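In what follows, a single structure is set out as structure tokens and then discussed.
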Amino acid sequence: MLDAVWVVDARTLAIVAANHAAGRLTALSVDELVGKTMSELAVTPEDQCFWGEVASGLSEQIESDTLIARADGSVVPVTRRVSRLDAHGAPFYVVALHDRSEQLRTERELEATAADLRATLESTQDGILVTDLAGRIRNFNLRFAVLWQIPKNLLGQRDDDAVLEWMRRSVVDPIAYMRRLATMDDVTMLQANDELRLHSGKVFERVTMPQCSQGRPIGRVFSFRDITDKLQAEQRIETLSYTDALTGLPNRRLLADRTEVAMAAARRDGTPFALLFLNLDRFNHINQTLGRVLGDRVLLDVAERIKGCVRGVDTIARLGSDEFVVLAHQADDGGAHATATRLLDALKRPFEQGGMSFTVTASIGVALHSSDGASLDELLRHADGAMREVKHAGRAGYRFHRSRPGATDTRSRSRMRLDHAMRTALVQGRFRLHFQPQVDLKNGCVVGAEALIRWRDPELGEISPNEFIPVAEESGFIIAIGDWVLKRAVTQAAAWRSVGAGMTVSVNVSALQFQQPGFVDGVAETLREAGLPPHLLELELTESILILDAKDAMLRLQALAQLGVKLAIDDFGTGYSSLAYLKRFPIGRLKIDRTFVSGLPGEESDAAIVQAIIHMGRALRLQIVAEGVETDAQRAFLERAGCDLYQGFLYAPALDVAAFEARMGFASVAPNVARETAADGLVVPIMAMR
Ligand code: C2E
Ligand code: CA
Ligand code: CA
């Protein structure tokens with residue numbers, strides 16, 4: 001016998017015989033074993049009791065697990081089978097003992113392995129489900145229950161059908177789901193990878209593989225991974241490549257797609273469409289003044305207003321900083337005209353950002369399909385060109401593309417060419433200065449004139465200051481031009497004063513020029529040289545000058561004011577109409593920008609803005625000058641509203657010196673003759689001759 005066996009006398013409970021295996025089990029020799037009693041070998045109280053009571057009543061065989069003490073004091077787990085035997089009338093027990101040490105060790109190892117497996121299962125981010133070949137659930141981890149949001153009671157009941165049914169009902173397409181499971185049942189070795197969409201909006205990636213034991217499939221392991229966030233991130237990246245990150249509007253790529261669609265429609269049935277290229281005016285000033293963050297908010301506001309102007313089918317795209325494009329479907333020039341007007345109107349309401357209220361105007365260029373181009377690039381180029389023409393003509397408006405060949409094509413004048421031509425023009429004396437009368441609204445007297453530069457290039461023709469001044473500002477050449485204008489204007493004013501026609505001459509000053517270190521001294525020097533009393537010179541500054549470097553600007557303005565020079569804010573209303581700013585500066589006049597005057601008296605928002613500026617000016621004791629007055633109705637409105645002065649085509653455009661003098665009715669004077677005459681500081685109003 002392989003197992004240990006000993007024979008016990010039922011009356012004395014002492015061993016009468018034992019085999020060698022029994023010796024090995026107890027670490028005793030067979031001789032030593034014989035004579036030992038059961039209570040000597042018993043380890044537990046239960047065993048003592050067993051031999052005391054249970055064994056005596058034993059009729060047949062009994063088997064139980066117990067422990068046996070070895071000679072070295074250690075203990076061996078055994079399975080013990082006891083049978084009763086009667087020999088020659090005397091009762092014996094035959095005890096067979098099977099050593100369980102090995103088995104227990106294996107069991108413990110298995111348990112440890114199982115614990116490891118469980119820990120591994122629970123530590124993964126994937127939900128794991130193990131089934132047998134019949135689809136019964138054999139195991140799952142907690143994450144599985146959480147992912148599928150399986151109710152606790154279902155798990156507690158260990159009701160497989162209910163859990164599987166729950167899963168079936170959770171997926172968006174249960175039919176496909178079941179079909180797939182059926183396939184897996186058929187093809188036990190199938191390894192598969194697919195996506196499950198759930199009603200909850202979640203998306204799982206499911207990986208399934210057969211579970212094998214000794215090379216044969218015994219079940220199936222499913223792992224579920226929540227890829228909802230990953231998919232959303234991918235979706236976002238996809239969206240980003242078609243939209244502008246700031247406004248969420250389509251970008252150029254999506255605009256190209258939509259234009260393709262519109263062109264296909266045009267090929268099919270000749271449906272026209274229009275591209276409107278919108279560029280904000282002076283947006284870099286807004287950015288510089290308010291900072292990028294608020295600048296971005298302004299762009300968002302602009303995007304919202306544009307949305308309010310177009311139909312749902314139209315596309316609004318943002319191409320870059322302050323460039324927007326509207327693709328207007330089924331729009332001919334009438335439709336494009338209407339859209340452009342709506343866009344400009346929508347921007348007229350003041351914007352509020354960073355505690356400031358200000359207006360943002362835009363220039364719009366329009367290109368029509370197919371007359372102005374057969375591709376997006378061509379249409380955009382032409383719309384862009386038309387937009388630039390609007391800028392040159394003074395901004396805040398719209399224009400259609402028209403093909404204009406030849407020398408007058410402004411687009412052919414590159415900035416560099418302009419800059420070069422300007423430098424030559426100054427040396428060769430090609431710049432001229434014109435003067436536009438400023439009229440007192442109460443009595444019709446001309447009380448001053450604004451000096452405006454003019455330039456005719458032999459090749460490029462007459463070029464508007466709106467076109468070359470920005471180029472000069474960018475290259476820095478504006479400083480030289482500004483010096484020339486100041487000298488010329490001051491000399492002219494002194495000449496007029498010498499013939500008794502003293503009037504204020506207003507000179508436009510660019511920001512860069514104003515910021516030059518020697519600017520104030522230069523002005524003083526120019527006045528002294530010409531002998532002009534400082535109060536007959538007015539400098540027109542833009543609001544941006546005050547805001548860009550407020551502290552430095554303040555010092556300069558105070559120095560100029562001390563000198564006696566008058567100061568005006570030009571283009572008022574297009575910048576940052578902050579009262580707080582104006583109060584602090586020694587400003588004498590505000591000039592209402594002509595974009596507000598143009599809508600008078602009909603446009604309600606223009607009328608409201610103009611009235612508000614006049615009120616504000618009153619409160620700050622400032623004189624108000626309205627620019628760009630072209631009609632009598634505008635003049636009448638301004639007069640009623642309490643405006644002080646006006647200038648505009650209604651009275652006269654900017655005139656050359658001869659025309660100006662003829663119009664004013666005073667004798668022509670050579671600028672350099674007229675020093676000593678007329679009393680200092682005396683302004684002689686000239687009656688306006690209508
Ligand atoms: P600004 O200072 O706002 O000048 C007024 C502009 O409006 C002038 O255009 C003038 O000719 C025009 N204008 C006057 N009355 C009317 C009217 O009734 N209707 C319309 N639609 N326009 C009218 P201009 O001369 O083309 O000058 C454009 C701009 O160029 C000026 O705007 C000013 O910012 C700048 N500029 C002109 N001369 C100088 C200069 O000497 N130095 C500097 N730094 N800038 C200048
Ligand atoms: Ca001006
Ligand atoms: Ca102006």
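Note that our numbering has the sequence shown beginning at 1, numbered continuously upward. All C-beta atoms in this analysis are idealised placements derived from N, C-alpha and C, irrespective of residue type, glycine included. None of these values were measured; they are calculated from a predicted model.
Once you ignore the five residues that flank residue i on each side, which residues in its own chain have a CB closer than 8 Å to its CB?
{"i": "Arg297", "result": "Gln353"}
{"i": "Gln558", "result": "Pro586"}
{"i": "Gly35", "result": "Ala14, Ile15"}
{"i": "Trp166", "result": "Trp148, Ile150, Pro151, Leu154"}
In this structure, does DSSP put residue i in helix, strand or coil?
{"i": "Ser363", "result": "strand"}
{"i": "Phe435", "result": "strand"}
{"i": "Gly731", "result": "Here the chain covers residues 1 to 690 and nothing more, so residue 731 does not appear."}
{"i": "Met209", "result": "strand"}
{"i": "Val130", "result": "strand"}
{"i": "Pro217", "result": "strand"}
{"i": "Phe140", "result": "strand"}
{"i": "Asn251", "result": "coil"}
{"i": "Ser39", "result": "helix"}
{"i": "Pro91", "result": "strand"}
{"i": "Tyr651", "result": "coil"}
{"i": "Thr504", "result": "strand"}
{"i": "Ser101", "result": "helix"}
{"i": "Val261", "result": "helix"}
{"i": "Gly599", "result": "coil"}
{"i": "Gly200", "result": "According to the sequence shown, residue 200 is Ser rather than Gly. Residue state, collapsed to three classes: coil."}
{"i": "Glu459", "result": "coil"}
With a CB to CB cut of under 7 Å and the five nearest residues on each side skipped, what residues in its chain are close to residue i?
{"i": "Pro174", "result": "Arg168"}
{"i": "Gln516", "result": "Ile479"}
{"i": "Ala69", "result": "Leu41, Val43, Val75"}
{"i": "Asp680", "result": "For Asp680, the predicted structure reports a pLDDT of 37, less than 50, and the residue's modelled location is therefore unreliable. A value from the coordinates is still provided. Around Asp680: Pro533."}
{"i": "Arg413", "result": "Bear in mind that a pLDDT of 49 at Arg413, under 50, signals an unreliable position, so the model cannot answer this."}
{"i": "Asp3", "result": "Ala21, Ala96, Leu97, His98"}
{"i": "Ala472", "result": "Met422, Ile478, Ile481"}
Kindly indicate which residue of the options has the alpha-carbon position closest to the one of residue i.
{"i": "Cys212", "options": "Leu85, Gln191, Arg225, Gly394", "result": "Gln191"}
{"i": "Ser370", "options": "Asn141, Ile227, Leu590, Ala274", "result": "Ala274"}
{"i": "Leu344", "options": "Gln330, Lys307, Val313", "result": "Lys307"}
{"i": "Val94", "options": "Leu452, Ala262, Asp9", "result": "Asp9"}
{"i": "Ser498", "options": "Asp322, Leu536, Leu555, Phe144", "result": "Leu536"}
{"i": "His337", "options": "Leu638, Val310, Val505", "result": "Val310"}
{"i": "Thr271", "options": "Leu294, Ala331, Asp322, Ala346", "result": "Ala331"}
{"i": "Leu699", "options": "Asp99, Arg108, Asp377", "result": "Beyond the ends of the chain as shown, which are 1 and 690, falls residue 699; an answer cannot be given."}
{"i": "Asp419", "options": "Gln647, Gln235, Arg216, Trp455", "result": "Trp455"}
{"i": "Gly320", "options": "Ser605, Trp51, Val221, Asn251", "result": "Asn251"}
{"i": "Ala21", "options": "Ile613, Ala96, Phe596", "result": "Ala96"}
{"i": "Asn19", "options": "Val7, Arg11, Gly365", "result": "Val7"}
{"i": "Leu198", "options": "Ser170, Glu639, Arg180", "result": "Ser170"}
{"i": "Ile469", "options": "Leu512, Met387, Glu111", "result": "Leu512"}
{"i": "Ile316", "options": "Thr208, Thr341, Ala256", "result": "Ala256"}
{"i": "Leu546", "options": "Ala524, Arg584, Asp521", "result": "Arg584"}
{"i": "Gly444", "options": "Met554, His615, Glu639, Arg402", "result": "Glu639"}
{"i": "His392", "options": "Gly291, Asp372, Asp281", "result": "Asp281"}
{"i": "Glu32", "options": "Pro45, Ala17, Leu117, Ser241", "result": "Ala17"}
{"i": "Ala362", "options": "Phe140, Tyr398, Asp333, Gly373", "result": "Tyr398"}
With which residues is residue i paired in a DSSP beta bridge?
{"i": "Ser241", "result": "Its beta-bridge partners do not exist; DSSP assigns none."}
{"i": "Thr542", "result": "Asp570"}
{"i": "Phe400", "result": "Val366"}
{"i": "Lys591", "result": "Val625"}
{"i": "Leu452", "result": "His434"}
{"i": "Ala17", "result": "Val7"}
{"i": "Asp440", "result": "Leu645"}
{"i": "Ala328", "result": "Ala274"}
{"i": "Asp333", "result": "Partner(s): none; Asp333 has no beta bridge."}
{"i": "Leu85", "result": "Phe92"}
Going by beta carbon distance, what residues of the same chain come within less than 6 Å of residue i, once the five residues before and after it are set aside?
{"i": "Thr504", "result": "Gly448, Leu536, Glu538"}
{"i": "Thr526", "result": "Leu486, Lys487, Val490"}
{"i": "Leu294", "result": "Gln353, Gly354"}
Would you check whether ligand 5 has a heavy atom nearer than 6 Å to the C-beta of residue i?
{"i": "Glu540", "result": "Here the bound small molecules are ligand 1, ligand 2 and ligand 3; ligand 5 is not part of this structure."}
Review point. Just checking, does the stretch 104 to 121 make contact with the stretch 200 to 208 on the three C-beta pairs under 8 Å criterion?
Key: These segments do not touch.
Practice item. State whether the stretch 427 to 437 contacts the stretch 656 to 667, with contact taken as three or more CB pairs (one from each stretch) at a distance under 8 Å. Key: By the Cβ rule, the stretch 427 to 437 counts as touching the stretch 656 to 667, because three or more pairs are nearer than 8 Å.
Point to revise | Contact the stretch 381 to 398 vs the stretch 261 to 277: 3+ CB pairs below 8 Å | key: These segments touch.
Check your understanding: Counting Cβ pairs, one atom from each stretch, are 3 or more of them under 8 Å apart for the stretch 588 to 601 and the stretch 561 to 576?
Key -> As far as the Cβ criterion goes, the stretch 588 to 601 touches the stretch 561 to 576, which means the pair count is three or higher.
Exercise for review: For the stretch 634 to 641 and the stretch 595 to 615, state whether three or more C-beta atom pairs, one from each stretch, are separated by less than 8 Å.
Suggested key: Yes, the stretch 634 to 641 touches the stretch 595 to 615.
Exercise for review: Would you be able to state if there are at least three C-beta pairs under 8 Å between the stretch 100 to 111 and the stretch 74 to 89?
Suggested key: Yes, they touch.
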